[in-house]
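Asker:
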Amino acid sequence: MSSVPHPASPSADLVRPSLAGLIRLNHPASGIGLYRIAVKAVESGGYLSRFKARGMEFDESRPYAPGDDVRNLDWRVTARTGRTHTKLFREERERPVMLSVDYRAAMWFATRGAFKSVRVAQLASLLAWSASHHGDRVGGQIFSEHGCSEFKPEHGQRGVLRLLRQLADTQGPALPATASETVPAAAMKRLQQHVRPGTLVFVLSDFRGFDAAAQTALSALARHASVVLVFVYDPLEAGLPKSGHFRVSDTIRETAFDASRRSAERWREKFETRRGALEHYARGHRMRWLECSTADDPLAFLQRALRASSKTR
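Under the UniProt record's numbering, the first residue of the sequence shown is numbered 1, with each subsequent residue one higher.
Written as structure tokens, this is what we have:
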């Protein structure tokens with residue numbers, strides 16, 4: 001029986017995802033309720049998300065007929081026409097799923113578990129396989145300093161494998177050809193142009209450099225698509241060790257720092273401020289917000305997200 005390798009396992013893809021490893025996620029992905037992960041119940045802001053499970057979708061309204069369920073009355077049309085109308089529903093059609101994956105140089109880093117780039121590849125693969133099991137079309141976007149590419153949603157394993165091959169084959173970090181800070185805005189604008197209304201979109205990133213331009217494009221996208229932001233971070237980014245002198249490298253640059261109590265507190269506060277601002281932005285624009293550490297098992301993380309969604313429904 002296939003299973004997701006534990007982050008600490010010697011067999012895990014810790015630095016670079018392999019195509020074989022991403023393909024092996026097919027079986028465990030069958031147990032992931034993709035749309036239940038995307039569901040978000042009533043929030044403190046007082047709204048119901050447009051995320052919904054597969055089932056019935058609105059088709060049209062017609063004049064009320066004896067025997068119609070009063071729970072399906074269309075009060076808006078009734079008020080406009082002065083005549084009672086009933087909503088008609090039909091079985092929901094398949095839904096495109098788009099996975100936007102951040103492969104910028106800063107993602108090729110971790111102090112625990114696997115590189116952030118590996119985690120987003122594994123999460124995207126699990127979500128892609130889950131969508132395929134649901135009979136939905138799967139498409140993708142991969143963006144980095146090297147460029148940005150999109151894959152039109154396709155049915156079956158063809159769409160999934162196309163994304164997985166690109167995730168496994170994409171070159172690692174190099175001296176950036178494009179300023180990293182300009183990449184997210186360009187990628188989100190392209191995503192906005194390629195995504196059709198009604199698509200379920202997952203953006204997997206550490207969200208560094210998601211400036212006002214990137215957020216504006218994402219907000220516009222969320223007005224006609226269901227958007228889930230998956231924030232992937234390394235534990236060191238969330239909090240420094242208690243004390244000591246450390247060196248870290250992303251394979252391009254090396255940084256040394258002392259982890260005094262004061263510097264550790266400032267570090268933690270800076271992370272929490274950025275994380276909190278991103279979460280506030282997501283919730284304010286009706287996007288689902290999820291957080292995954294590089295030390296987390298990707299399958300277990302998605303299963304927890306599923307359980308959390310179930311409890312809030």
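Even glycine gets a Cβ: it sits at the ideal position worked out from N, Cα and C. For clarity, every value in this text was computed on a predicted model and none was experimentally measured.
Assign H155 to one of two classes, buried (16 or more other C-beta atoms within 10 Å of its C-beta) or exposed (fewer than that).
Answerer: H155 is exposed by the Cβ-count criterion.
Asker: Let me confirm a value: D296 is counted as buried when at least 16 other C-beta atoms fall within 10 Å, else exposed. Which label applies?
Answerer: Per the 10 Å Cβ criterion, buried.
Asker: Buried or exposed: which applies to A187, given that a residue is buried once 16 or more other Cβ atoms fall within 10 Å of its Cβ?
Answerer: By the 10 Å Cβ count, A187 comes out buried.
Asker: Going along the chain, which residues of its own chain have a beta-carbon closer than 6 Å to the beta-carbon of S44, five neighbours each way excluded?
Answerer: Below a pLDDT of 50, predicted positions are generally treated as unreliable, and S44, at 30, falls in that range; the measurement from the model is reported next regardless. Excluding sequence neighbours, S44 sits near nothing in its chain.
Asker: Which residue or residues does DSSP assign as beta-bridge partners of I142?
Answerer: In DSSP, I142 forms a bridge with V101, S149.
Asker: Would you mind working out which of E272, M287, L167 sits nearest A222, comparing C-alpha positions?
Answerer: With distances taken between Cα atoms, A222 lies closest to M287.
Asker: Just the Cα atoms here: how many angstroms apart are I23 and G135?
Answerer: Looking at the two C-alpha atoms, the distance is approximately 17 Å.
Asker: Exposed or buried, what is T294 when buried is set at 16 or more other beta-carbons lying within 10 Å of its beta-carbon?
Answerer: Label assigned to T294: buried.
Asker: Are the CB atoms of W108 and N26 nearer to each other than 7 Å?
Answerer: Cβ distance not < 7 Å, so W108 and N26 don't count as in contact.
Asker: Quickly, what does DSSP pair W108 with across the bridge? List them, please.
Answerer: DSSP output for W108 lists no bridge partner at all.
Asker: DSSP three-state label for Y233, please.
Answerer: Residue state, collapsed to three classes: strand.
Asker: If you run the structure through DSSP and keep just helix, strand and coil, what is V227?
Answerer: It is a strand residue.
Asker: Sort L191, H133, D102 by Cα distance to E145 and report the nearest one.
Answerer: The shortest Cα separation from E145 among L191, H133, D102 belongs to D102.
Asker: Could you tell me the distance, in whole angstroms, from the CA atom of L19 to the CA atom of H280?
Answerer: Rounded to the nearest angstrom, the two C-alpha atoms are 35 Å apart.
Asker: Give the straight-line distance between the Cα atoms of A131 and S263, rounded to the nearest whole angstrom.
Answerer: Their backbone Cα atoms lie some 44 Å apart in a straight line.
Asker: For R196, which residues from the same chain have a beta carbon less than 7 Å from its beta carbon, with the 5 sequence-adjacent residues on both sides left out?
Answerer: Closer than 7 Å at Cβ, skipping near neighbours: P96.
Asker: Could you pull the DSSP bridge partners for V201 from this structure?
Answerer: Answer is M98, V227, bridged to V201.
Asker: Where does the unbroken alpha helix (DSSP H) through R261 begin, and where does it stop?
Answerer: Element bounds for R261: 261 to 284.
Asker: Quick check: what's the CA-CA separation for E269 versus D169?
Answerer: Going by the C-alpha atoms only, they are around 37 Å apart.
Asker: I'd like the span of the beta strand (DSSP E) that includes R288, first residue to last.
Answerer: Taken as a continuous stretch (DSSP letters only), the beta strand (DSSP E) holding R288 covers 288 to 293.
Asker: To the nearest angstrom, how far is it from the Cα of R266 to the Cα of S30?
Answerer: C-alpha separation (whole angstroms): 42 Å.
Asker: When you compare only the Cα positions, how much space is there between L73 and P63?
Answerer: Roughly 9 Å between the two C-alpha positions.
Asker: Around the C-beta of S226, are 16 or more other C-beta atoms found within 10 angstroms, so that it is buried, or is it exposed?
Answerer: Buried.
Asker: Whole angstroms is fine: what's the gap from V118's alpha carbon to L34's?
Answerer: Computed Cα separation, rounded: 20 Å.
Asker: Cα-Cα, which of R165, K189, A110, L299 is closest to Y233?
Answerer: When each option's Cα is compared against that of Y233, the closest is A110.
Asker: Report buried or exposed for E237, applying the criterion of at least 16 other Cβ atoms within 10 angstroms of its Cβ.
Answerer: By the 10 Å Cβ count, E237 comes out buried.
Asker: Would you identify the three-state DSSP class for L73, choosing helix, strand or coil?
Answerer: L73: strand per DSSP, three-state reduction.
Asker: Using 7 Å as the threshold, is the C-beta distance between Q122 and P235 below it?
Answerer: It is not a contact, given that the beta carbons lie outside the stated cut-off.
Asker: Leaving aside the five residues before and after K116 along the sequence, list all residues of the same chain whose C-beta is less than 7 Å from its C-beta, in chain order.
Answerer: If we look at K116 and ignore the five residues flanking it on each side, its Cβ neighbours are M107, F109, A110, D206, V232, D234, T294.
Asker: Classify S260 as buried or exposed, calling it buried when 16 or more other Cβ atoms lie within 10 Å of its own Cβ.
Answerer: It counts as exposed.
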